[in-house]
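Input: a single structure, listed below in structure tokens.
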Amino acid sequence: MQGNGQRIRWRRGRVTATGRSWRDAVELTVEVPGDGAVRSLAHPSLVGVPEVGDEVLLNTTAWAQRLGTGGYALVVAVPDRLPPDPSGPGHLVKARYTPMQVSVQGVDEQDTEHHAAIAEAEDLGGMPVVVADLHSALPAALIGVFATDPDLKVAYVMTDGGALVAGFSRTLHTLAPSLTGVVTVGQAFGGDLEAVTLHTGLLAARHVLGADVAVVTQGPGNLGTGTPWGFSGVAAGEACNAVSVLGGEPIGALRISDADPRPRHRGVSHHSLTAFGRVALAGVTLVAPRGLGSELGQQVEEDLAGQPERNRVVWVDVDGLDEALQLSPVTLSTMGRGWPEERAYFLAAAAAGRYAALRVPLPD
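Using my numbering, the letters of the sequence shown correspond one by one to residues 349 to 712.
This is the structure in structure tokens:
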């Protein structure tokens with residue numbers, strides 16, 4: 349049993365410089381006694397906007413561990429200049445019972461303009477939904493959709509397996525003009541719409557945002573333990589179940605790599621094989637991209653040979669997708685590797701997006 353030991357590395361420091369800002373985030377340099385200049389991040393909607401010279405209270409837990417995506421010190425408060433009290437509507441509390449819990453207005457909440465639509469919505473009407481376990485698949489999936497049909501409306505549904513704050517994602521900030529909206533579900537918050545569950549988030553994507561296609565991934569970051577079941581991406585299989593229950597079409601974006609040094613992630617990652625093959629009990633269409641090369645293509649084919657009968661494997665032509673990925677408006681990067689080093693990974697996500705575009709139901 350874990351005792352009551354401290355779980356947060358607290359520090360005080362003084363802001364010496366401000367850096368990039370996007371959506372609901374601003375980078376800072378904070379001078380911290382004993383640590384020196386610390387790369388920090390503030391979410392203005394939570395703590396206000398720190399200025400040079402402000403003393404700030406920091407959570408340096410992830411920074412001290414030198415984590416990749418989460419390797420910032422996070423501003424918890426500007427004690428001498430607290431922001432005004434919230435004045436907006438909403439009774440949904442997210443990041444519940446943590447010191448940074450927030451109140452937001454849910455699309456599914458009573459007495460809101462969309463409550464009736466969500467309450468009456470029965471299904472997704474066959475809407476194709478691309479499901480991936482990593483946030484880094486989102487831009488490539490979008491590229492695949494728009495390279496196939498640029499007129500489609502695509503919504504992003506962000507789950508709470510990684511970052512909880514949508515504003516943390518620079519990818520979302522850049523992709524905003526291409527998306528019909530962002531829905532944050534579960535404990536995640538900061539989207540254009542908030543929803544209590546993935547189910548109501550999907551219904552909101554379809555019936556409030558009017559999306560033709562939705563993409564579901566966790567927020568930036570990924571928690572993995574090197575064990576068969578101990579990774580946050582296992583929720584991708586649960587997302588497929590939600591899509592199926594609601595009458596949508598779940599489409600799995602496979603995590604494929606020939607660059608990852610870890611054997612469990614080469615070919616088709618064990619994350620994809622577990623989430624889609626063992627958790628997605630209602631079945632999912634798994635999209636494999638053509639054009640991987642004979643050796644990797646053969647390995648992918650072998651890796652997918654053991655899928656249960658409920659899962660259909662389709663191979664999708666990738667004509668034009670390499671060129672489209674090269675023109676990505678955001679830097680393509682996954683696990684510290686980019687394009688074209690991880691070509692297979694991004695091509696697989698783009699192929700899933702292409703397949704989804706081709707599966708949009710024709711209007712009645």
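The C-beta atom is built at its ideal place from N, Cα and C for all residues, glycine as well.
Ordered along the chain, which non-local residues of its own chain (more than five positions away) have a Cβ less than 6 Å from that of residue i?
i: E461; result: none
i: L571; result: S580
i: R702; result: G492, T496, V664
i: G438; result: S451, V452, Q453
i: L557; result: A503, T528, G529
i: S333; result: There is simply no residue 333 to check, as the chain begins at 349 and stops at 712 in what is shown.
Can you give me the start and stop residues for the beta strand (DSSP E) that residue i sits inside?
i: Y703; result: That residue, Y703, is in no beta strand (DSSP E); its alpha helix (DSSP H) goes 691-706.
i: G384; result: 384-390
i: T532; result: 529-533
i: T446; result: Note, T446: premise wrong, no beta strand (DSSP E); not H, not E.
i: S369; result: 358-370
i: G600; result: 597-601
i: V662; result: 660-664
i: L634; result: 633-637
What is the C-beta distance between residue i and residue j, in whole angstroms, given that I count them as a contact (C-beta under 8 Å)?
i: L512; j: A443; result: 6 Å
i: A357; j: A412; result: Note that residue 357 is Arg in the sequence shown here, rather than Ala. With 8 Å as the limit, R357 and A412 qualify as a contact, their Cβ atoms being about 5 Å apart.
i: V533; j: A543; result: 5 Å
i: P677; j: T522; result: 6 Å
i: G569; j: A697; result: Contact flag wrong, Cβ pair sits at about 17 Å.
i: R387; j: A421; result: 7 Å
i: G538; j: G515; result: 5 Å
i: P611; j: L695; result: With a Cβ gap of about 21 Å, P611 and L695 do not count as contacting.
i: T622; j: V582; result: 6 Å
i: L551; j: N589; result: With a Cβ gap of about 15 Å, L551 and N589 do not count as contacting.
Return the CA-CA distance between residue i and residue j, expressed in angstroms with no decimal places.
i: G620; j: V400; result: Looking at the sequence shown, residue 620 is not Gly but Ser. Computed Cα separation, rounded: 45 Å.
i: G645; j: A607; result: 14 Å
i: V374; j: Q566; result: 21 Å
i: D651; j: V477; result: 23 Å
i: Y693; j: P431; result: 42 Å
i: Y454; j: L594; result: Reading off the sequence, residue 454 comes out as Gly, not Tyr. Near 19 Å, if we compare the C-alpha coordinates of L594 and G454.
i: L405; j: V363; result: 10 Å
i: G353; j: L640; result: 49 Å
i: M349; j: H618; result: Interpretation of M349 is limited by its pLDDT of 42, a score under 50 that renders its predicted location unreliable; the figure taken from the coordinates is listed afterwards. So the alpha carbons of these two residues sit roughly 30 Å apart.
i: V378; j: T366; result: 9 Å
i: S642; j: K501; result: 35 Å
i: L669; j: F494; result: 10 Å
i: A653; j: V666; result: 21 Å
i: P487; j: T507; result: 16 Å
i: P434; j: V397; result: 15 Å
i: T408; j: P381; result: 13 Å
i: E671; j: G574; result: 34 Å
i: D473; j: L710; result: Before going further, note that residue 473 is Gly rather than Asp in the sequence given. Going from the Cα of G473 to the Cα of L710 covers about 11 Å.
i: T446; j: T545; result: 19 Å
i: V464; j: D712; result: The displayed chain sequence assigns Ala, not Val, to residue 464. In a straight line, the C-alpha of A464 is about 24 Å away from that of D712.
i: G436; j: M448; result: 17 Å
CB residue i to CB residue j, shorter than 7 Å?
i: G549; j: M475; result: no
i: V591; j: L634; result: no
i: R489; j: A700; result: The sequence given here places Ala at residue 489; Arg does not occur at that position. Yes, the pair counts as a contact, with Cβ atoms nearer than the cut-off.
i: V648; j: V616; result: yes
i: A553; j: A503; result: yes
i: G600; j: V479; result: yes
i: R658; j: G631; result: yes
i: H547; j: A469; result: no
i: L440; j: E457; result: yes
i: S484; j: T682; result: yes
i: V423; j: A385; result: no
i: R518; j: W370; result: yes
i: F624; j: G578; result: no
Could you spell out the range, first to last residue, of the alpha helix (DSSP H) harbouring residue i?
i: P476; result: No alpha helix (DSSP H) contains P476, which is instead part of the beta strand (DSSP E) from 476-479.
i: T519; result: 518-523
i: A562; result: Here A562 belongs to no alpha helix (DSSP H); instead the beta strand (DSSP E) covers 561-566.
i: G645; result: 642-652
i: T409; result: 409-412
i: G549; result: 546-555
i: E671; result: 669-674
i: L490; result: 485-496
i: E468; result: 463-468
i: C587; result: In the sequence under discussion, the amino acid at residue 587 is Ala, which differs from the Cys named in the question. That run of the alpha helix (DSSP H) goes 583-593.
Apart from the five residues on each side of it in sequence, which residues of its chain come closer than 7 Å, Cβ to Cβ, to residue i?
i: R614; result: S605, D606, D608
i: A704; result: P476, V478, V493, V561, I599
i: E690; result: S605, A607, T682
i: L706; result: T496
i: E403; result: R360, R362, P427, D428
Does residue i have its Cβ less than 7 Å from a Cβ in chain D?
i: A495; result: Looking for chain D here will not work: only one protein chain is present.
Only counting the same chain, and skipping five residues up and downstream in sequence, which positions put a Cβ closer than 8 Å to that of residue i?
i: V708; result: M475, P476, D497, L500, D560, V561
i: S526; result: L490, F494, V502, P677
i: D471; result: L594, G595, G596
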